[in-house]
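Each remark here refers to the structure printed beneath this line.
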Amino acid sequence: MKRFALWLAMMSQALSGEIEFENNSAASWLAHAPPVPEFRVPASRIEWEPRRRQIRARLLDLLGKLPQRPKAPSVHVVSQEDRGDYILESFRFDNGASDQVPGYLLLPKDHARPGPAILYCHWHGGQYDKGKIELFEAEHTPESPGPALARRGYAVLAIDACCFGERQGQGPGGPRERGGAAELTASKFNLWVGRSLWGMILHDDLMALDYLASRPEVDAGRIGVTGMSMGATRAWWLMALDDRIKAGVAVACLTRYQNLIAHAGLHHHGIYYYVPGMLNHFDTEAILALIAPRPLLLMNGDRDDGSPVDGIRVIETHARSIYRLYGAEASFRSEVYTGMGHEYRPPMWQNTLAWFDRHLAD
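Structure representation (structure tokens):
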């Protein structure tokens, strides 16, 4: 009877348009899995705030036994270089898990200080040799995002995520193991010691945020976060976990997990992406809800198979309801672009710049 009830619930969601099944296998797997608790929007902020704290605590618990973050990370500045509009600082810090995390910090010149700042999260795309160098390329963004943001007065910080850039060959598999093989090994190791690779990626990002907020050139009350693809997912997870981030822009990769399963789309995301046990508690809409009432701009294409549109619509509905509790409906904006896939076009980039200028600039 229980399985039949689960099946009826899944079919009800399918008929309502919340989940559209790609095939019978996806429907069967979901129907025979533990039911995902429904995310219910409370009637008031008074009811929501304790629930919000519970969800955040649960997220941190699901990420696993992460290393303790020091109050102030011990950062080694490797070099500083004058690049005209900004100073480029190269640095590294120990993440507490036997890994050195390298990063770049762009500090604008000739701007009032302390000023606003952006934590920039690079994408994945299987480009393990890149990472933070994405700041200086126009391959995924219409222009090089680091210098462009620095010219507008933002300090910009980016690090290499685990297995990317300078961190290739630094995983538990040793220097000869690189790319996807190294990422898989890092995932296995972290699961064995009671944490997820995704948890460690976010842990390193939060340490980077700690460093950014500590800089005298930065107004810690005006820090934003942005990225595309994996970088987008890092951005909204970080906003959910840390209220110090005051505004965010996430491009692509807005994925509701049940809908991804239903569309037989698990292969569209790498192993780093998966958090054990999460669907025993909630889906993506619960994470996004933690961001309210801070300004959040989401931009996705309707032909991006890694982010089914029916799932995006569910997330939007719940997020808007939570923002409404704060009277902050205008602070949440989600755009789904017709005929677009997993990409970042010039109008989207202009929206990104305008969003940060509106919510973080003087």
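Its first residue numbered 67, the sequence shown is counted upward by one per residue in the working numbering. Where a beta carbon is used, it is the ideal one built from N, C-alpha and C, also for glycine. Treat the numbers as computed from the prediction; the structure is a model and nothing was measured.
Between the beta-carbon of Ser397 and that of Leu364 there is about 12 Å, and that puts the pair past the 8 Å contact cut. Rounded to the nearest whole angstrom, the CA to CA distance from Trp264 to Arg322 is 16 Å. Annotation for Tyr170: the continuous beta strand (DSSP E) segment containing it runs 166 to 174. When the beta-carbon positions are compared, Lys196 and Ile225 stay at least 8 Å from each other.
Of all alpha-carbon atoms in Asp349, Gly393, Ala394, the one lying nearest the alpha-carbon of Pro103 is that of Asp349. Burial state of Thr383 is exposed, judged by a 10 Å Cβ sphere holding fewer than 16 other Cβ atoms.
Each residue's CA atom was taken as its position, placing Tyr194 and Gly237 some 13 Å apart. By the C-beta density criterion, Asn366 is buried, having at least 16 other C-beta atoms within 10 angstroms.
By the Cβ-count criterion, Lys137 is exposed, with fewer than 16 other Cβ atoms from all chains shown falling within 10 Å of its own Cβ. Bounds of the alpha helix (DSSP H) holding Glu113 are 111 to 129. Between Asp270 and Leu304, the beta carbon gap of about 11 Å keeps them out of contact (Cβ cut-off 8 Å).
Contact between the stretch 368 to 380 and the stretch 415 to 422 is absent: fewer than three C-beta pairs spanning the two stretches fall below 8 Å.
The alpha-carbon separation between Gly239 and His188 amounts to approximately 23 Å.
Arg310 and Gly372 have their C-alpha atoms spaced approximately 29 Å apart. Contact between the stretch 200 to 213 and the stretch 160 to 168 is not established, with fewer than three Cβ pairs separated by less than 8 Å. With respect to the 8 Å criterion, Gln234 and Arg244 are classified as neighbours on the basis of their beta carbons.
Taken in chain order, the whole alpha helix (DSSP H) runs of length 4 or more contained in the stretch 282 to 361 are 296 to 307, 323 to 328, 350 to 355. His142 is bridged by DSSP to Arg158. Bounds of the beta strand (DSSP E) holding Glu401 are 398 to 403. Listed in chain order, the non-local C-beta contacts of Pro100 below 7 Å within the same chain comprise Asn346, local neighbours out to five positions each way being set aside. The Cβ atoms of Gly162 and Pro133 lie closer than 8 Å to each other. The beta carbon of Arg118 lies closer than 8 Å to those of Ala355, Leu356 in the same chain, with the five residues before and after it left out. Within the same chain, and ignoring the five residues on either side of Phe105 in sequence, the residues whose Cβ sits closer than 8 Å to its Cβ are Phe348, Asp349, Glu351, Ala352, Ala355, His384. The beta carbon of Gly331 is closer than 7 Å to those of Asp371, Gly372, Pro374 in its chain, skipping five residues each way along the sequence.
Between Glu283 and Pro213, the CB-CB gap reaches or exceeds 8 Å. According to the DSSP secondary-structure assignment, Asn366 is paired through a beta bridge with Val402. Residue pairing of Arg233 in beta bridges, as defined by DSSP: absent, with no partner found. In the three-state scheme derived from DSSP, where H, G and I count as helix and E and B as strand, Gly372 is classed as coil.
When the five nearest sequence neighbours on each side are left out, the beta carbons in the same chain lying within less than 7 Å of the beta carbon of Tyr338 are those of Glu249, Ser253, Leu263, Trp264, Ile267, in order along the chain.
For Ala298, the CB contacts under 6 Å within the same chain, skipping 5 residues up- and downstream, are Ala316, Val317, Ala318, Cys319 in chain order. Secondary structure of Asp148 (DSSP, three-state): strand.
Within the stretch 172 to 253, the runs of beta strand (DSSP E) at least 3 residues long that lie entirely inside it are, in chain order, 181 to 187, 221 to 225. For Asp308, the number of other beta carbons within 10 angstroms of its own is at least 16, and it is reported as buried. DSSP places Arg411 outside both helix and strand once states are collapsed to three, so it counts as coil. In chain order, Ala358, Pro359, Glu395, Ser397, Phe398 place their CB closer than 7 Å to the CB of Tyr389, counting only its own chain and leaving out the 5 sequence neighbours on each side. Across the set Ala328, Val222, Ala183, the C-alpha of Val222 shows the shortest separation from the C-alpha of Leu201.
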